[in-house]
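Okay, structure first, notes after.
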Amino acid sequence: MYMNRGVSIAKWNDHVANEDSFFSSDTCIAVSDGAGGCGLFANEWSEYLVKHLPKNKPIVSFKELDEWVDGIWETFYNEHEERAKEGDGILLNKYYNEGSCATIAAAWITGEKKCKWMAYGDSVVFHYSQDTGVLEHSFTKLSDFSNPPRLVSCKDPLEEEGFSCGDFYLDESSVVFAASDALSHYIMMMYELSKNKEYGAELAEEYLKASGNSQLLKTAETMKFDFWKDVLQSLLDATSSNSRFELYLKELNSKGILDMDDFTLVYFKG
């Protein structure tokens with residue numbers, strides 16, 4: 067029997083809608099991060115993707131993701147085209163040019179101690195085992211968070227390079243979780259710092275990129291911490307309410323180790 071929990075908050079310095087959406091049940095978790103910088107209706111599109119995601123049948127190939135999006139985009143596109151027409155011509159043009167865009171990341175418990183996952187874009191699915199101390203995830207590498215992500219669009223074809231999928235094999239101490247990009251960057255960065263001998267090359271690459279993220283890394287590497295207790299467990303505990311989650315993330319942000327964004331975390335564990 068698994069327990070599940072999810073929480074999502076908007077950027078606290080901004081009076082804009084939260085563009086992240088999530089789903090959680092005992093057998094499926096999902097996160098979608100609507101890309102506000104692309105087209106219109108980002109939050110509606112992320113909500114729509116999460117709502118229509120098959121909760122009982124994992125998407126296990128690029129072809130399956132493609133077929134799923136192919137079966138749902140048109141209804142959304144037509145409905146929101148009508149809404150865009152109510153605005154001025156500039157908005158309508160923006161919609162015709164860019165549509166609506168979002169990431170998607172999901173995991174499904176498929177059997178005893180087994181979990182299937184898939185991701186498109188820079189929302190990330192993770193598996194951490196306390197027994198082994200190993201963190202597995204769906205993303206490429208730390209420095210790639212500063213590149214523009216591939217996005218699921220309501221009008222443009224998907225690109226296979228943006229897709230990844232796989233299996234996690236679980237034990238009694240496992241936790242499986244998904245997060246939007248800024249939070250995922252924080253989790254991966256802290257994990258790699260906690261195993262810096264193993265991840266030296268990846269950390270160096272992030273460092274040399276001289277992005278906003280490499281600033282976060284410079285600050286984080288001066289800290290002493292235990293990855294499970296101080297990073298992951300604290301984060302999971304903070305999901306008990308939106309206000310607690312926001313307070314905790316404000317603290318991380320003020321320490322200079324977490325970038326500002328909408329933040330979403332959803333998880334299940336045995």
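Using our numbering, read the sequence shown as starting at 67 and increasing by one per residue.
Think of the CB as a built atom: it goes at the ideal place given N, C-alpha and C, for glycine as much as any other residue.
These numbers were taken from a predicted model, which means no experiment stands behind them.
CB contact flag (residue i, residue j, <9 Å)
i	j	result
SER91	THR330	no
ALA363	TYR161	Outside the displayed span of the chain (67 to 336) sits residue 363, for which this structure offers no information.
LEU224	ASP132	yes
THR141	LYS121	no
CYS104	LEU236	no
SER246	ASP328	yes
SER209	GLU268	yes
LEU324	ALA248	yes
TRP78	LYS316	yes
GLN196	SER239	yes
SER393	GLU85	The structure shown does not extend to residue 393, since the chain spans only 67 to 336, so no value can be given for it.
LYS182	CYS231	yes
SER260	PHE234	no
TYR194	PHE243	yes
LYS335	TYR68	yes
THR285	GLY72	no
GLY102	VAL116	no
ALA185	PHE229	yes
TYR265	VAL297	no
ASN308	SER74	yes
ALA96	PHE89	yes
Reduced DSSP category for residue i - H, G, I as helix; E, B as strand; rest coil
i	result
ASN342	Residue 342 lies beyond the range of the chain shown here (67 to 336); nothing can be said about it.
TYR114	helix
PHE243	strand
ALA108	helix
TYR333	strand
ASN319	helix
ASP210	helix
ARG310	helix
First through last residue of the beta strand (DSSP E) which encompasses residue i
i	result
LEU201	200-203
SER230	229-235
MET69	69-75
Extent of the continuous alpha helix (DSSP H) to which residue i belongs
i	result
ASP247	247-260
THR93	Unbroken run through THR93: none, as it is neither H nor E.
Beta-carbon separation (whole angstroms), residue i vs residue j, contact threshold 8 Å
i	j	result
MET255	LEU282	7 Å
VAL191	ALA172	7 Å
TYR252	LEU302	Contact doesn't hold; Cβ gap of about 13 Å is too wide.
CYS220	TRP139	5 Å
SER280	GLU272	6 Å
GLY165	ASP222	7 Å
Secondary structure, alpha helix (DSSP H): runs of 4+ residues fully inside the stretch 119-195: 128-152 and 155-164
Complete alpha helix (DSSP H) runs within the stretch 263-307 (minimum length 4 residues, chain order): 266-274, 278-286 and 300-303
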